[in-house]
Amino acid sequence: MDDAMISKYVERSDAVLLVIIPATQTPDVSSYRALRIAKEHDADSTRTVGIISKMDQAEGDSKALAAVRALLLNQGPPKTSDIPWVAVIGQSVAISSVTSSGAAADSSLEAAWRAEVETLKRLLSGAPQNKLGRVALVDTIAGQIRNRMSLRVPKLLSGLQGKSQIVQDELLKLGDQILENTEGTKALALQLCREFEDKFLQHITGGEGNGWKVVASFEGNFPNRMKQLPLDRHFDMKNVKRVVLEADGYQPYLISPEKGLRSLIKSVLEMAKEPSRLCVDEVHRVLVDIVSAAANATPGLGRYPPFKREVVEIASAALDRFKSDAKKMVVALVDMERVFVPPQHFIRLVQR
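According to the numbering used here, the sequence shown holds residues -12 to 339 in order.
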């Protein structure tokens, strides 16, 4: 089994990790693969149990027995010192030892476990008895589970208490009337709409989120686009003379040069329509973003996702209508300026 598949199971915080190593390999426990994986996912060893198996095969191997004793006494390598270790032998070996001892009639698991403990005491003299045999293994695993729960339960209780308080606060806000009649539901909807409106206006007037972009569109981008219009080409002296001469004609007393200047100003003002439309589009995009931001910043709407979507859709649709009306308005304003060029403008030109 590869490490990825193993990690899929051991990375769960509710899994107990069993590091099983044969007794004959305990001298090299530091490089044991299972120990490495356990340490990667449980550095504090709060859910890890070490099992030294096949103790019967280490009989006579002084080096292995010494390593086992060190692990049981938590005196092994640094990686192993915080792991509770238990030594066991094969169950079939334990049962056979019971049978060979003449206690065939008492060949139950309890007898096999007692025989296992006696064998381990003989092999590991001086080792803690509460770390020998399967009964000790069950107790050790249960102890790790209790320790793990003692760490997690306070966090769970704290989280539940926090959620409980939130639920109580929400119920207090909603009240009994809202749950019983449509009038209460309407009142709640209106309240949430007012909260959304307050957040929306706060973004625009206070410049929160993208609110500053509205001002930037009028004071920055729009004037810059106007400055990029080819005004120099239209008001070039040669072009002005040409327009005046064309307007003057052969009978200047019938068609004055003023008419030529008027036509020149009208053509220049016509170019102002496109920057005005672009400014409307830009402000519209900013306002649509502010609608979403204001909806996300309204806690009440977050409790009712369908209603939140409806509010955003209605507000966005209203902005689309406002955009269409605004474009018509700015074009009308430009046309008004084009149609009516006051005589005072030419008087000032003469005075200059």
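Every residue gets a Cβ at the ideal spot worked out from N, C-alpha and C, and that includes glycine.
Residues that residue i bridges to, as DSSP identifies them
{"i": "alanine 74", "result": "Ile39, Leu119"}
{"i": "proline 9", "result": "Ser40"}
First through last residue of the beta strand (DSSP E) which encompasses residue i
{"i": "proline 64", "result": "Unbroken run through proline 64: none, as it is neither H nor E."}
Residue i classed as buried or exposed, judged by whether at least 16 other C-beta atoms fall within 10 angstroms
{"i": "leucine 218", "result": "exposed"}
{"i": "tyrosine -4", "result": "exposed"}
{"i": "proline 65", "result": "exposed"}
{"i": "threonine 144", "result": "A small correction: the amino acid at residue 144 is leucine; threonine does not occupy that position in the sequence shown. Classification for leucine 144: exposed."}
{"i": "alanine 53", "result": "exposed"}
{"i": "isoleucine 7", "result": "exposed"}
{"i": "methionine 42", "result": "buried"}
{"i": "threonine 192", "result": "exposed"}
{"i": "valine 326", "result": "exposed"}
{"i": "alanine 30", "result": "exposed"}
{"i": "arginine 56", "result": "buried"}
{"i": "arginine 249", "result": "buried"}
{"i": "leucine 166", "result": "Residue placement at leucine 166 cannot be trusted, given a pLDDT of 48 that sits under 50; what the coordinates show is reported in the next sentence. Classification of leucine 166: exposed, given that the 10 Å Cβ count is below 16."}
{"i": "isoleucine 277", "result": "buried"}
{"i": "isoleucine 153", "result": "exposed"}
{"i": "lysine 186", "result": "buried"}
{"i": "threonine 169", "result": "exposed"}
{"i": "alanine 305", "result": "exposed"}
{"i": "glutamine 131", "result": "buried"}
{"i": "glycine 247", "result": "buried"}
{"i": "valine 104", "result": "buried"}
{"i": "phenylalanine 205", "result": "exposed"}
{"i": "valine 36", "result": "buried"}
{"i": "valine 202", "result": "exposed"}
{"i": "arginine 34", "result": "buried"}
{"i": "proline 262", "result": "buried"}
{"i": "alanine 319", "result": "exposed"}
{"i": "isoleucine 76", "result": "buried"}
{"i": "valine 140", "result": "exposed"}
{"i": "alanine 129", "result": "exposed"}
{"i": "glycine 289", "result": "exposed"}
Helix, strand or coil at residue i according to DSSP, with G and I counted as helix
{"i": "leucine 360", "result": "With the chain covering -12 to 339 only, the question about residue 360 has no answer from this structure."}
{"i": "proline 217", "result": "coil"}
{"i": "serine 112", "result": "coil"}
{"i": "alanine 91", "result": "The pLDDT assigned to alanine 91 is 47, lower than 50, so where the model puts this residue is not dependable; a value taken from the coordinates is nonetheless given after this. Looking at alanine 91 - three-state DSSP - the assignment turns out to be helix."}
{"i": "phenylalanine 205", "result": "helix"}
{"i": "serine 32", "result": "coil"}
{"i": "asparagine 134", "result": "helix"}
{"i": "lysine 156", "result": "The sequence shown places aspartate at residue 156, rather than the lysine named in the question. In the structure shown, aspartate 156 sits in a helix (DSSP, three-state: H, G or I)."}
{"i": "glycine 149", "result": "helix"}
{"i": "glutamate 257", "result": "helix"}
{"i": "glycine 47", "result": "coil"}
{"i": "asparagine 197", "result": "coil"}
{"i": "aspartate 223", "result": "coil"}
{"i": "isoleucine 165", "result": "With a pLDDT of 48 at isoleucine 165, under the threshold of 50, the predicted position of this residue should be treated as unreliable, though the coordinate-derived value follows. In this structure, isoleucine 165 counts as helix in the three-state DSSP scheme."}
{"i": "leucine 241", "result": "At leucine 241 the pLDDT is 49, less than 50, meaning the model places this residue with poor confidence; the figure from the coordinates comes in the next sentence. Reduced to three states, the DSSP call for leucine 241 is coil."}
{"i": "lysine -5", "result": "helix"}
Where the alpha helix (DSSP H) containing residue i begins and where it ends
{"i": "glutamate 297", "result": "292 to 326"}
{"i": "alanine 176", "result": "169 to 193"}
{"i": "arginine -1", "result": "Premise fails: arginine -1 is in no alpha helix (DSSP H) and is neither H nor E."}
{"i": "leucine 60", "result": "Segment: none, leucine 60 is in no alpha helix (DSSP H) and carries neither H nor E."}
{"i": "proline 286", "result": "286 to 289"}
{"i": "glutamate 261", "result": "260 to 283"}
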